[in-house]
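K.L.:
Dropping the structure in here first, questions after.
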Amino acid sequence: IGATGPAGSDADVTAIIGDLGGATVKDYVDASVAAAGGGGSVGMPTHLSNLKTGVDFRTAALYCVDLVEDGFDDWRLPSIEEAPYANYALTSADGSDARTYASWLWTSSFFGTSNFWTVFKPSNGNMSYNVGYSGDYVRCVR
209 IGATGPAGSD ADVTAIIGDL GGATVKDYVD ASVAAAGGGG SVGMPTHLSN LKTGVDFRTA
269 ALYCVDLVED GFDDWRLPSI EEAPYANYAL TSADGSDART YASWLWTSSF FGTSNFWTVF
329 KPSNGNMSYN VGYSGDYVRC VR
């Protein structure tokens, strides 16, 4: 929903974040999060906002810029490298699983050399592209 092109593959992700060592994107992210102790290390967002649904790219970007949550006001859209962590690293205040499997999450990354924004699908780790007008999900990072 919201993606206007074919879903990306593990090969597409490899081109962006490096060799996955034969793992799927989800396995790679889960292992990376576990190795980092659940989040907050270099390359991973230290804070994640609540999920906002069904917005176009401009609204998503402005939402992050204007967001004040948990005492922080320096939020931004995640890069494609951070997008997996913006879902898999989530836990709620009581320590329970707070992951969401939104259809597609907006990122701040361009898709290749095109004028399309890269979107990330948490349920399977796929990437795709979007011209920016569809209603996708946004989770801001800092």
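Residue 243 in our numbering is what sits at position 35 of the sequence shown, and the numbering runs on without skipping anything.
We treat Cβ as the ideally placed atom computed from N, Cα and C, and that holds for glycine.
For the beta strand (DSSP E) that residue 327 lies in, which residues bound it at each end?
P.N.:
Walking along the sequence shown from the start, residue 327 turns up at place 119. Looking at the DSSP string, the run of the beta strand (DSSP E) that includes residue 327 is 325-329.
K.L.:
If contacts are defined as beta-carbon pairs under 8 Å, then residue 314 and residue 280 qualify, I think. What distance do you get, rounded to the angstrom?
P.N.:
Residue numbering aside, residue 314 sits at position 106 when the sequence shown is read from its first letter. Residue numbering aside, residue 280 sits at position 72 when the sequence shown is read from its first letter. Going by Cβ atoms, the distance from residue 314 to residue 280 rounds to 19 Å, so no, they are not a contact pair.
K.L.:
In terms of residue numbering, what span does the beta strand (DSSP E) encompassing residue 179 cover?
P.N.:
The question about residue 179 has no answer, for the chain in this structure spans 209 to 350.
K.L.:
Taking the alpha-carbon positions, what's the residue 263 to residue 347 distance?
P.N.:
The residue labelled residue 263 in the question sits at position 55 within the sequence shown. The residue labelled residue 347 in the question sits at position 139 within the sequence shown. If you take the alpha carbons of residue 263 and residue 347, they lie about 11 Å apart.
K.L.:
Of the choices 285, 275, 278, whose alpha-carbon is the least far from that of residue 345?
P.N.:
Numbered from 1 along the sequence shown, position 137 holds the residue referred to as residue 345. That would be 285, whose Cα lies nearest to the Cα of residue 345.
K.L.:
Quick check on this structure: which residue in 350, 341, 290 has the alpha carbon closest to the alpha carbon of residue 335?
P.N.:
Your numbering for residue 335 matches position 127 in the sequence shown. It is 290.
K.L.:
Rounded to a whole number of angstroms, what is the C-alpha to C-alpha distance between residue 273 and residue 287?
P.N.:
The residue you call residue 273 lines up with position 65 of the sequence shown. The residue you call residue 287 lines up with position 79 of the sequence shown. Answer to the nearest angstrom: the Cα atoms are 15 Å apart.
K.L.:
Among 339, 338, 257, 343, which residue has its Cα nearest to the Cα of residue 293?
P.N.:
What you label residue 293 is simply residue 85 of the sequence shown in a count that begins at 1. Checked all of 339, 338, 257, 343; the closest Cα to residue 293 is 257.
K.L.:
Please list the terminal residues of the continuous alpha helix (DSSP H) segment that includes residue 341.
P.N.:
Within the sequence shown, the letter at position 133 stands for residue 341. Careful: residue 341 lies outside any alpha helix (DSSP H) and carries neither H nor E.
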